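J.: Once you've had a glance at the structure underneath, I'll fire off some questions.
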Amino acid sequence: MRLKALIFDVDGTLADTEAAHCAAFNDAFAAAGLAWRWDAARYRVLLRVTGGKERIMHFIDTLPLAESEKAQHRARVPALHADKTRRYAQRVAAGRVGLRPGIERLLTEARGAGVRLALATTTSPQNVEALIDATLGPAARTWFSSRVCGDAVANKKPAPDAYLRALSELGLRATDCVALEDSANGLRAARAAGLCTIVTPTDWSAAEDFADAALVLPHLGDAGHALEGADARRAGGPWLGLASIERIRAVHDDHMEATA
Ligand code: XBP
Ligand code: MG
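With our numbering, letter number 53 in the sequence shown gets 63, and the count goes up by one each step, no holes.
Below you can see the structure in the form of structure tokens.
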């Protein structure tokens with residue numbers, strides 16, 4: 011099998027985390043005495059801005075305030091985001107976020123087949139560790155040869171930086187790997203790094219454009235959540251396994267060579 015590694019996004023891909031992130035943002039705003047409340051409709055729009063600190067900064071820019079007042083709010087963003095991160099990690103540690111269908115199955119299948127694993131995410135490293143610890147157990151942190159998180163790179167998604175850093179740490183070419191994402195920003199980042207990309211949208215990202223994805227599925231599927239109909243046909247069965255992913259990678263590789 012030519013497939014050497016799977017590079018997973020975290021939020022929305024490993025787990026549907028954004029409701030927990032949104033609640034943590036709102037709790038941090040309330041604790042800081044700010045009358046800011048992000049409902050689902052507003053948060054879905056704000057999610058187009060990747061990075062929690064950048065998302066709050068963007069929100070401040072939209073407020074009908076004097077520039078001096080906006081500057082005061084901006085100065086508080088690092089502390090506000092740190093409190094949000096603490097609150098989010100508490101929610102995750104309390105077991106309030108589970109892995110999406112097929113994630114644990116595919117991670118286990120990949121490990122058994124010697125296909126390496128990596129993470130390329132915009133979220134903070136504390137959040138990644140909290141999620142792994144709560145869903146797979148702390149020992150699973152070692153499953154990932156590379157974990158590129160948040161501020162570790164200069165440019166967040168849709169820039170390719172996180173994926174390029176993961177490929178560099180893996181010591182692999184993009185054509186030997188496949189990325190798994192949930193959002194248009196993530197797809198653009200992975201594609202800009204030259205990666206064949208499979209997308210499993212959530213309700214937060216379902217309306218986004220995934221035209222450049224090699225495959226779009228509602229989830230990866232497993233024994234308890236079988237894919238059906240056209241999804242199963244595209245996945246090559248009731249769930250997406252390594253053999254199907256390898257076939258998808260090979261088609262992408264051939265296409266890249268043919269159009270080079
Ligand atoms: C999704 C993001 C993150 C999270 C919030 O990351 O854009 O900003 O929404 O986490 P992913 P932080 O690349 O995993 O989909 O507040 O830690 O940024
Ligand atoms: Mg994501």
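Glycine included, every Cβ here is placed at the ideal spot set by N, Cα and C.
Note that the structure is predicted; figures quoted are calculated from it, not measured.
Might you give, ordered along the chain, the residues of its own chain that have their beta carbon closer than 8 Å to the beta carbon of Leu227, omitting 5 neighbours on each side?
T.: Cβ neighbours of Leu227 beyond the five flanking positions: Ile208, Val209, Thr210, Leu237, Asp241, Arg244, Ala245, Leu250.
J.: In terms of residue numbering, what span does the beta strand (DSSP E) encompassing Thr207 cover?
T.: Looking at the DSSP string, the run of the beta strand (DSSP E) that includes Thr207 is 206-209.
J.: Please confirm whether any heavy atom of the ligand XBP lies closer than 8 Å to the CB of Tyr173.
T.: No.
J.: Got a sec? Which residues, its chain only, sit under 8 Å from Val87 by beta carbon, not counting five neighbours each side?
T.: Closer than 8 Å at the Cβ level, and outside the excluded window around Val87, lie Lys63, Ile66, Met67, Ile70.
J.: Would you kindly work out how many angstroms separate the C-alpha atoms of Asp264 and Cys206, rounded to a whole number?
T.: Each residue's alpha carbon lies about 11 Å from the other.
J.: Does the distance between the C-beta of Gly108 and the nearest non-hydrogen atom of the ligand MG fall short of 8 Å?
T.: Result no, Cβ not under 8 Å from the ligand MG.
J.: Look at the Cβ atom of Glu139, then the Cβ atom of Arg121, and state whether they are nearer than 9 Å.
T.: No. Outside cutoff.
J.: Candidates Arg198, Asp186, Gly147: which alpha carbon is nearest Ala172's?
T.: Cα-wise, what sits closest to Ala172 is Arg198.
J.: State the Cα-Cα distance for the pair Arg126 and Ser78, rounded to the nearest angstrom.
T.: Taking the straight line joining both Cα atoms gives about 50 Å.
J.: Measure how close the beta-carbons of Leu230 and Ile258 come, nearest whole angstrom, since I'm counting them as under 8 Å.
T.: That belief does not hold up - the Cβ atoms of Leu230 and Ile258 are roughly 13 Å apart, past 8 Å.
J.: Which class does Ser134 belong to by DSSP, given the choice of helix, strand or coil?
T.: Looking at Ser134 - three-state DSSP - the assignment turns out to be coil, as it is neither helix nor strand.
J.: At a cut of 8 Å, does the region 12-26 reach the region 104-122 through at least three beta carbon pairs?
T.: Enough Cβ pairs lie closer than 8 Å, so yes.
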